[in-house]
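In this note's numbering, the protein residues as written are 409 to 577.
Below is one structure, written out as structure tokens; the observations come after it.
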């Protein structure tokens with residue numbers, strides 16, 4: 409294969425013209441497209457970074473609000489427990505006071521009833537003693553003697569749980 413100089417020169421000229429035409433019509437538009445694509449990618453990356461940052465901020469805010477809600481819920485629970493405990497203590501205290509009052513009323517009622525029964529029993533004992541004395545004396549006592557004798561007998565009877573009156577040991 410032989411090359412002539414003439415063909416070689418035309419080949420070089422064709423190559424240079426082709427290169428210039430490619431540079432003028434193809435390289436700049438392709439470069440422009442590539443630059444545009446590069447810029448679009450850069451913008452998309454910036455937007456993605458901005459979206460990621462906003463998402464992280466939103467997540468942090470959500471977590472902060474969630475923690476705040478948990479704290480508030482815990483505070484409400486604590487207050488409710490404290491209130492329930494206080495109410496329980498008040499109810500127990502009131503129940504104890506009412507029970508103590510009922511016991512005291514019952515004790516007073518028992519003491520009063522006991523006193524009444526003892527007084528009634530003393531009266532009956534005194535009446536029996538007067539009747540017995542009347543039989544022993546062989547006569548019945550008049551109303552004044554009867555009353556005087558009953559009063560004396562009641563004075564001599566021991567108090568409700570103690571020593572007879574006039575006898576100290």
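By construction, the Cβ of each residue, glycine as well, lies at the ideal position given by its N, Cα and C atoms.
Keep in mind that this is a model prediction, so the values were computed, not measured.
{"Item": "Are residue 557 and residue 541 touching if we call contact CB-CB under 8 Å?", "Value": "yes"}
{"Item": "Return the CA-CA distance between residue 456 and residue 476, expressed in angstroms with no decimal places.", "Value": "30 Å"}
{"Item": "Count the other C-beta atoms from every protein chain shown that fall within 10 angstroms of the C-beta of residue 538, then say buried if there are 16 or more, exposed otherwise.", "Value": "buried"}
{"Item": "In this structure, does DSSP put residue 550 in helix, strand or coil?", "Value": "coil"}
{"Item": "Does residue 530 pass the burial test, meaning 16 or more other C-beta atoms within 10 Å, or should it be called exposed?", "Value": "buried"}
{"Item": "Throw me the rounded Cβ distance for the residue 561 and residue 525 pair, which I believe falls under 8 Å.", "Value": "Rounded, the Cβ-Cβ distance is 17 Å, inconsistent with contact."}
{"Item": "Whole angstroms are fine: how far does the CA of residue 521 sit from the CA of residue 504?", "Value": "25 Å"}
{"Item": "Which residue comes first and which comes last in the alpha helix (DSSP H) that contains residue 436?", "Value": "436-545"}
{"Item": "Got a sec? Which residues, its chain only, sit under 6 Å from residue 452 by beta carbon, not counting five neighbours each side?", "Value": "none"}
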